[in-house]
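Read through the structure below, which is laid out as structure tokens, and then see the notes.
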Amino acid sequence: MDLRQQYRNMSLDILNATLERGKLSEEEERICREVIAEKKNTPNPEQAVNENSTENPDYGAAIGACKFTSFIGWMITWGSVLVAGYLFYKSSGMFRYGDGEAILLLILGVLGTAGSVVIGGLLLVIAGQAGRAVMDNANYSKLMLNRMT
Numbered sequence: 000m001d002l003r004q005q006y007r008n009m010s011l012d013i014l015n016a017t018l019e020r021g022k023l024s025e026e027e028e029r030i031c032r033e034v035i036a037e038k039k040n041t042p043n044p045e046q047a048v049n050e051n052s053t054e055n056p057d058y059g060a061a062i063g064a065c066k067f068t069s070f071i072g073w074m075i076t077w078g079s080v081l082v083a084g085y086l087f088y089k090s091s092g093m094f095r096y097g098d099g100e101a102i103l104l105l106i107l108g109v110l111g112t113a114g115s116v117v118i119g120g121l122l123l124v125i126a127g128q129a130g131r132a133v134m135d136n137a138n139y140s141k142l143m144l145n146r147m148t
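Residue numbers (numbering that gives the first Met the number 0): 0 to 148.
Below, the structure written as structure tokens:
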């Protein structure tokens with residue numbers, strides 16, 4: 000049995016591991032790359048070995064939507080923090096006059112509103128990140144399934 004036939008009897012994972020070890024002669028490496036290209040139905044042996052399919056996700060639109068959701072969540076979160084800071088700055092004159100009840104209502108109103116909007120924004124960020132994790136998991140599961148078959 001010649002070397003080419005031996006390589007054809009090996010799985011792609013074993014061939015890739017053999018190639019990565021780097022202990023092959025130039026001729027053995029060339030034959031190994033050609034057999035990998037044959038198994039992947041790729042005319043170019045270099046493309047078959049160096050192919051990185053994780054950078055080409057099948058769920059690109061869904062991942063983009065999740066990134067957009069997280070972005071909107073961060074904008075809401077930081078926007079509400081800035082608005083709360085601005086309201087405290089503008090109402091700082093009230094503190095000089097000493098109306099304790101009005102000051103308490105202002106603080107509770109600003110903190111309550113800003114706090115709930117911040118929580119809502121952070122929930123959007125969490126939803127976007129969770130969706131992104133699900134899409135990445137689905138993509139990697141598909142890649143593993145393709146490698147196993």
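Here a beta-carbon is modelled for each residue, glycine too, at the ideal position from N, C-alpha and C.
Of the residues A132, S90, Q4, the one whose Cα lies closest to the Cα of I106 is S90.
Less than 8 Å divides the Cβ of I30 from the Cβ of Y6.
For M74, the uninterrupted alpha helix (DSSP H) segment begins and ends at 59-89.
Contact holds between the region 65-81 and the region 117-126, because three or more Cβ pairs, one in each stretch, are under 8 Å apart. Apart from sequence neighbours up to five positions away, the residues of its chain that approach K141 with a beta-carbon distance below 8 Å are D57, ordered along the chain. The three-state secondary structure of N8, taken from DSSP, is coil.
Distances from the alpha-carbon of S115 to those of I13, M143, V82 put V82 closest. Burial check for R146: the Cβ neighbour count within 10 Å stays below 16, so the residue is exposed.
Setting aside the 5 residues that flank it on each side, L18 is surrounded in the same chain by E28, C31, R32, I35, V48, each with a C-beta closer than 8 Å to its C-beta; the list follows chain order. Judged by DSSP secondary structure, K38 falls within the alpha helix (DSSP H) whose first and last residues are 25-38. If the five residues before and after A113 are omitted, its C-beta is found closer than 6 Å to the C-beta atoms of S79, A83, all from its own chain and listed in chain order. With a 10 Å radius around the Cβ and a threshold of 16 neighbouring Cβ atoms, G108 comes out exposed. The C-beta separation of T68 from G130 comes to about 7 Å, placing the pair in contact by the 8 Å criterion.
Taking the C-beta atoms as reference points, M9 is found no nearer than 8 Å to I62.
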